[in-house]
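Enquirer: So the sequence shown is numbered by full-length UniProt numbering: it starts at 1 and just counts up by one.
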Amino acid sequence: MKKEVKELLSEHILKEAAKRFGVDILTVNLIGDFQNFIYEYKKQDKLYILRLTHSSHRKEEMVRGELDWILYLVNNGVLASKPINSIQGRLTERVYVKDSYFIVTSFEKAIGKKIGYPECISNDELFEQCGIVTGKMHFLAKKYIPSVKEIQRPEWTDNYYLQNIKNFIPVDQYKVYESYEAIVNKINQLSKDSNSFGIIHGDINVGNFILSDEGINIFDFDECQYSWFVEDIAIQLFYIIYVFLDDSIDERQAQAQHFMESFMKGYSKENSIDEYWLKQIPIFLQLRELIVYIGIHRSVALSNLSEWMKNYILQSKSRIEQQIPIVML
């Protein structure tokens, strides 16, 4: 998150935000501040999330679009962190600061078991559950219409990192820029219809869901966008295999096959997707790697990296420049 935005969040702003949702400021604990300020609080023995989003990151209409989509999913049986109303009965509240504002929202906190690395690797049950929830969301997306047109979420090309590549990637990395153009142009040539293209979560990974007794409970829809459904699948595949560096290519390949078998077993229970689109996974793996590469340059101090991260960045840059996906299916 930009330093200027962090400096805008004073104690007064936080108190006002908490007040709008009837939250005792003394019960609020910061648990994340990457793109939004995320706080946890307890009310009547139940855990909730209070989120502050600066208008430089998302306009209020886009946040409302996110919440509209989540409520549609929840009302149709998807386990997701449900947004709740403020004291005034609104899903979003504005708290002004200087010539900008914070959008305040609150959610029921997902309860269950967090699964990280390396536990998530080769976890058949988890992969199948990921397929089930993804398939269910894609099936529902085919009939979803925003409650009002003004809140419709953006398309995939509006991704923050794609839009800001020039701000984070040095100009001398001209091959990365060439690949960026090639990847975007190739994806833009794909056809769109209601069975292949619609609103997606856009960032499903082990950090954005927990495993409950009822299945996967998903949250953090901040990146939801209109794209091809297969991108949601490719994103999950990428985050399961990117931890394997080039000296473990065989292991990465085996992991990819393992994931897809279990994932599609679950996915096919809720939705069908044409084999043609599964064959497009490699180009969406390239897109995700590019987005992650830009994100690393934006968020990580490149002068203070672990050996693993140094190796990953070098290998990622090479793949992007050669326009090859992290794994071949």
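Just so it is clear, CB atoms sit at the ideal spot from N, CA and C, and this is done for glycine as well. Values in this document were obtained by computation on a predicted structure and should not be read as measured data.
Can you tell which of Glu-60, Ala-17, Leu-79, Phe-34 has its C-alpha closest to the C-alpha of Leu-26?
Expert: Nearest option by C-alpha distance: Ala-17.
Enquirer: Which same chain residues end up closer than 8 Å to Lys-77 when comparing Cβ atoms and leaving out the 5 residues on each side of it in sequence?
Expert: In the sequence as displayed, the identity of residue 77 is Gly instead of Lys. Excluding sequence neighbours, Gly-77 sits near Lys-136.
Enquirer: What ranges does the alpha helix (DSSP H) occupy inside the stretch 234 to 317, keeping only unbroken runs of at least 4 residues that lie completely in it?
Expert: Counting only runs of 4 or more, we get 249 to 267, 275 to 278, 281 to 299.
Enquirer: Rounded to whole angstroms, how far is the Cβ of Asp-68 from the Cβ of Ile-151, which I believe are closer than 8 Å?
Expert: About 6 Å separates the two Cβ atoms, so the contact holds.
Enquirer: Assuming Asp-220 contacts Asp-232 (C-beta within less than 8 Å), just tell me the rounded distance between them.
Expert: Wrong, their Cβ atoms sit about 14 Å apart, outside the cutoff.
Enquirer: Which first and last residues belong to the beta strand (DSSP E) in which Arg-153 is found?
Expert: It is not in any beta strand (DSSP E) - Arg-153 carries neither H nor E in the DSSP assignment.
Enquirer: Would you be able to state if there are at least three C-beta pairs under 8 Å between the stretch 297 to 305 and the stretch 244 to 264?
Expert: Too few Cβ pairs lie closer than 8 Å, so no.
Enquirer: In this structure, does DSSP put Arg-319 in helix, strand or coil?
Expert: It is helical.
Enquirer: Tell me which residues share the same chain as Ala-256 and place their Cβ nearer than 8 Å to its Cβ, disregarding the 5 neighbours each side in the sequence.
Expert: Leu-237, Ile-240, Ile-241, Val-327, Leu-329, listed in sequence order.
Enquirer: According to DSSP, is Tyr-96 part of a helix, a strand, or is it coil?
Expert: It is a strand residue.
Enquirer: Thinking C-beta only, is Ser-179 closer than 8 Å to Gln-315?
Expert: No, these two residues do not count as a Cβ contact at 8 Å.
Enquirer: Tell me whether the stretch 148 to 163 and the stretch 70 to 88 touch, counting them as touching only if at least three CB pairs, one residue from each stretch, are closer than 8 Å.
Expert: Judged by Cβ distances under 8 Å, the stretch 148 to 163 makes no contact with the stretch 70 to 88, as fewer than three pairs qualify.
Enquirer: Since Asn-159 contacts Ile-291 with CB under 8 Å, what's their CB separation in whole angstroms?
Expert: Confirmed, Cβ separation roughly 6 Å.
Enquirer: In the DSSP assignment, find the beta strand (DSSP E) that holds Arg-51 and state where it starts and stops.
Expert: First-last of the beta strand (DSSP E) with Arg-51: 46 to 54.
Enquirer: Whole angstroms are fine: how far does the CA of Glu-214 sit from the CA of Tyr-177?
Expert: Approximately 44 Å between the Cα atoms of the pair.
Enquirer: Which of the three DSSP states is assigned to Ala-141 in this structure?
Expert: Reduced to three states, the DSSP call for Ala-141 is helix.
Enquirer: If we require 4 or more residues per run, which alpha helix (DSSP H) segments fall completely within the stretch 146 to 207?
Expert: Entirely contained in the stretch 146 to 207, the alpha helix (DSSP H) runs reaching 4 residues are, in chain order, 160 to 163, 165 to 168, 174 to 188.
Enquirer: For Met-62, which of Phe-102, Phe-127, Ile-210, Tyr-117 has the nearest alpha-carbon?
Expert: Of the listed residues, the one whose Cα sits closest to Met-62 is Phe-102.
Enquirer: Hey, could you find the ends of the alpha helix (DSSP H) Gly-65 is sitting in?
Expert: It spans 60 to 75 - the alpha helix (DSSP H) in which Gly-65 sits, taken as one unbroken run.
Enquirer: Measure the C-alpha to C-alpha separation of Ile-87 and Asp-45 and round it to an integer number of angstroms.
Expert: In a straight line, the C-alpha of Ile-87 is about 19 Å away from that of Asp-45.
Enquirer: List the endpoints of the continuous alpha helix (DSSP H) containing Leu-14.
Expert: Note, Leu-14: alpha helix (DSSP H), 11 to 20.
Enquirer: Tell me which same chain residues have a C-beta within less than 6 Å of the C-beta of Val-206, skipping the five on either side of it?
Expert: Around Val-206: Ile-115, Gly-116, Cys-120.
Enquirer: May I ask you to report which of helix, strand or coil DSSP gives Gly-215?
Expert: In this structure, Gly-215 counts as strand in the three-state DSSP scheme.
Enquirer: Express the C-alpha separation of Tyr-144 and Ile-200 in angstroms, rounding to a whole number.
Expert: For Ile-200 and Tyr-144, the distance between alpha carbons rounds to 11 Å.
Enquirer: Around the C-beta of Leu-30, are 16 or more other C-beta atoms found within 10 angstroms, so that it is buried, or is it exposed?
Expert: That one is exposed.
Enquirer: Would you call Thr-157 buried or exposed, if buried means 16 or more other Cβ atoms sit within 10 Å of its Cβ?
Expert: By the neighbour-count rule (16 or more Cβ atoms within 10 Å), Thr-157 is not buried but exposed.
Enquirer: My assumption, with CB atoms under 8 Å, is that Glu-60 sits in contact with Ile-84. Please give the rounded CB distance.
Expert: That pair is no contact at about 17 Å.
Enquirer: Once the 5 residues before and after Asn-208 are set aside, which same chain residues still bring their CB inside 7 Å of it?
Expert: Cβ neighbours of Asn-208 beyond the five flanking positions: Ile-218, Phe-219, Asp-220.
Enquirer: Ile-31 by DSSP, collapsed to three states: which one?
Expert: DSSP places Ile-31 in strand when its eight states are reduced to three.
Enquirer: Determine contact between the stretch 4 to 16 and the stretch 94 to 101, defined as no fewer than three beta-carbon pairs at a distance below 8 Å.
Expert: The stretch 4 to 16, when compared against the stretch 94 to 101, does touch it at the 8 Å Cβ threshold.
Enquirer: DSSP three-state call for Glu-40: helix, strand or coil?
Expert: Looking at Glu-40 - three-state DSSP - the assignment turns out to be strand.
Enquirer: Near Asn-311, which residues of its chain fall below 6 Å by C-beta distance, leaving aside the five closest residues on each side in sequence?
Expert: Leu-245.
Enquirer: Are the CB atoms of Ile-49 and Ser-81 nearer to each other than 8 Å?
Expert: Yes; because the gap between Cβ atoms is below 8 Å, this pair is in contact.
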